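Each number in the working numbering corresponds to the 1-based position in the sequence shown with 1 added.
For every residue, glycine included, the Cβ atom is placed at its ideal position computed from N, Cα and C.
Quick caveat: nothing in here was measured; it's all calculated off a predicted structure.
Accompanying notes for the structure given below.
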Amino acid sequence: MGTHFDHDRATAFLDEMRTILNHGMTATMIGIGHRVGLFDAMARLDGRTAPSTEIADVAGLDERYVREWLDAMTVGRIVAYDPKTDGYRLPPEHAAFTTRASGIANMASYAQYISLCAAVEDELVECFRHGGGVPYDSFDRFHAVMAESSGQRFEALLIDTILPLVPGVVELLEHGVSVADVGCGRGHAVNLMARAFPRSTFVGIDFSDAALEAGRAEATEWGLTNASFLAADAAELGDDHHHHDDHHDDQHGQRYDFITTFDAVHDQAHPKRMVDGIFRSLAPGGHWLCADIRASSHVGENLDHPMGAFMYGVSCQHCMTVSLAYDGEGLGAMWGVHRAKELFTSAGFTDIAVHSLQFDPSNNYYVCRKP
Ligand SMILES: C[S@@+](CC[C@H](N)C(=O)[O-])C[C@H]1O[C@@H](n2cnc3c(N)ncnc32)[C@H](O)[C@@H]1O
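Right under this line is the structure:
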């Protein structure tokens with residue numbers, strides 16, 4: 002039985018492998034099209050069929066490259082081709098998921114994660130052989146790509162949909178409280194909250210100076226006086242030597258009334274230390290809002306996950322390896338709801354609600370209250 006070879010199954014698998022290779026290349030071409038603004042340019046033609054010369058012109062790009070890209074998009078069934086006029090068209094139904102104007106629905110920006118991961122492949126192959134990890138610094142475009150994809154989500158959902166998941170927090174923020182966003186990256190969430198709630202103060206914490214600089218620049222551009230950015234290791238949160246501002250940092254480090262983390266636990270080197278620190282830093286009765294990847298902790302339950310293969314791939318090539326690079330736990334992006342709840346409970350959170358949002362299928366929103 003073990004040696005039985007099912008020829009139909011083999012043929013079907015060969016087809017599947019070809020599809021995978023085609024889709025893989027299509028995905029990287031979609032990422033490039035997004036970066037150089039080709040989908041946006043085609044959408045400006047309002048669904049009209051146009052020759053490659055015109056599309057290149059509208060996009061301000063080299064025609065030969067644009068034509069090859071259009072042909073790749075044509076056989077990838079992203080763009081419609083008209084052989085009579087030798088013209089190309091982006092159907093509005095496809096523009097709805099590929100242009101910057103499509104905001105949170107823009108799937109093309111996610112394609113960039115594939116080339117982001119591919120760019121560190123040599124280092125990753127060495128890690129497969131010898132262990133260890135690829136550090137953040139090896140990923141040239143990580144913060145740019147991350148900020149773009151999370152930014153789409155923050156713009157659409159943060160203030161009106163995500164924050165209200167936390168009981169009473171909008172009222173507190175309007176009244177004026179102290180808030181930290183840990184692992185804030187380029188800090189767009191911090192600045193959006195600071196703009197919406199001028200009576201509260203917000204600090205974005207991250208260990209990437211380059212990412213924090215982008216957050217500070219945006220805060221300055223927006224004229225915000227209640228947003229600041231602090232370079233610190235999240236694993237040392239709530240430790241005494243981390244006192245940095247002049248309010249709330251008295252009572253045993255309980256200086257924040259509200260803490261947020263957006264996809265910033267699973268890739269930590271020391272997630273347990275971070276979550277313990279968050280618990281310590283919260284005032285009693287305060288909430289921690291934690292967005293992290295929505296999945297089961299058991300691979301067998303993730304087979305029908307709509308982005309399962311994508312997420313395990315990004316995890317292996319980014320989230321897990323950056324953690325292992327600092328001798329970390331390497332939880333991986335798909336560590337799942339069961340292990341998340343276990344970790345949060347072990348830190349002392351007794352009251353943990355798990356929410357999911359219709360327009361953000363990739364994340365769970367954990368609302369954890371400190372007793
Ligand atoms: C997946 S990104 C999320 C960034 C941001 N919250 C967002 O949604 O765009 C994780 C962030 O955690 C930061 N980070 C990872 N380990 C850290 C640590 N030990 N201390 C502080 N920041 C850390 C990274 O620099 C990165 O900006």
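Check: Less than 7 Å between the beta carbons of Ala334 and Met308, yes or no?; Outcome: no
Check: Assuming Ala112 and Ser103 form a contact by the criterion Cβ under 8 Å, report the distance between their Cβ atoms to the nearest whole angstrom.; Outcome: That pair is no contact at about 14 Å.
Check: For my contact list, Ala190 and Thr261 are in at a C-beta cut-off of 8 Å; report their separation, rounded to the angstrom.; Outcome: 7 Å
Check: Evaluate Glu219 with the Cβ neighbour count: other Cβ atoms within 10 Å of its Cβ, from every protein chain shown; 16 or more gives buried, anything less gives exposed.; Outcome: buried
Check: Three-state secondary structure (DSSP) at Thr4?; Outcome: coil
Check: Residues in its own chain within less than 8 Å of Thr29 by CB, not counting five upstream and five downstream?; Outcome: Ala112, Ile115, Ser116, Ala119
Check: List the DSSP bridge partners of Phe259.; Outcome: Val180, His288
Check: Cβ of Ala341 less than 7 Å from any chain D Cβ?; Outcome: Within the model displayed, chain D is absent; a lone protein chain is all it includes.
Check: State buried or exposed for Asp16, treating a residue as buried only when at least 16 other CB atoms are found within 10 Å of its CB.; Outcome: exposed
Check: Could you pull the start and end residues of the alpha helix (DSSP H) that Ile160 belongs to?; Outcome: Element bounds for Ile160: n/a, residue is neither H nor E.
Check: In terms of residues, what are the limits of the beta strand (DSSP E) holding His95?; Outcome: Not the beta strand (DSSP E): His95 falls in the alpha helix (DSSP H), residues 93–96.
Check: Rank Phe143, Ser209, Gly287, Cys317 by C-alpha distance to the C-alpha of Cys369 and give the top, closest one.; Outcome: Gly287
Check: Please say whether Val183 and Ile206 have beta carbons closer to each other than 7 Å?; Outcome: yes
Check: Using a Cβ-Cβ cut-off of 6 Å (strictly less than) and excluding sequence neighbours within five positions of Met194, which residues of its own chain qualify?; Outcome: Phe203
Check: At what residue ranges does the region 89–174 contain a whole run of the alpha helix (DSSP H), taking only runs of 4 or more?; Outcome: 93–96, 113–119, 122–131, 143–154
Check: For the beta strand (DSSP E) that contains Pro272, what are its first and last residues?; Outcome: Pro272 -> not in any beta strand (DSSP E); alpha helix (DSSP H) instead, spanning 272–282.
Check: Taking a contact to mean a Cβ-Cβ separation below 7 Å, would you say Val167 touches Leu290 in this structure?; Outcome: yes
Check: For Leu39 and Asp305, what's the separation of their Cα atoms in angstroms?; Outcome: 32 Å
Check: Please output, in chain order, the residues near ligand 1 using a CB cut-off of less than 6 Å to any non-hydrogen atom of the ligand.; Outcome: Tyr137, Met147, Ala148, Ser151, Gly184, Cys185, Gly186, Asp207, Phe208, Ser209, Ala212, Asp234, Ala235, Ala236, Phe263, Asp264, Ala265, Asp268, Gln269, Ala270
Check: Tell me which same chain residues have a C-beta within less than 8 Å of the C-beta of Arg295, skipping the five on either side of it?; Outcome: Val338, Ser357, Pro362, Ser363, Asn364, Asn365
Check: What distance in whole Å lies between the Cβ atoms of Val67 and Ile56, which are believed to be in contact at a cut-off of 8 Å?; Outcome: 6 Å
Check: From which residue to which residue does the beta strand (DSSP E) around Gly309 run?; Outcome: Taken as a continuous stretch (DSSP letters only), Gly309 belongs to no beta strand (DSSP E), being part of the alpha helix (DSSP H) at 309–315.
Check: I'd like the list of long-range same chain contacts for Gln359, defined as Cβ closer than 8 Å, with 5 residues on each side in sequence excluded.; Outcome: none
Check: Please say whether Leu91 and Met26 have beta carbons closer to each other than 7 Å?; Outcome: no
Check: From Asp7, Asp258, Ala197, Asp47, pick the residue whose C-alpha is nearest to that of Phe280; which is it?; Outcome: Asp258
Check: Would you kindly report the start and end of the unbroken beta strand (DSSP E) that includes Ser229?; Outcome: 228–232
Check: Taking just the CA atoms, how far does Lys371 sit from Gln255?; Outcome: 11 Å
Check: Do you know how far the Cα of Tyr367 is from the Cα of Asp210?; Outcome: 27 Å
Check: Measuring CA to CA, which of Ser201, Asn192, Lys85 is closest to Glu222?; Outcome: Asn192
Check: Could you pull the start and end residues of the beta strand (DSSP E) that Ser324 belongs to?; Outcome: Run containing Ser324: none in the beta strand (DSSP E); it sits in the alpha helix (DSSP H), 321–326.
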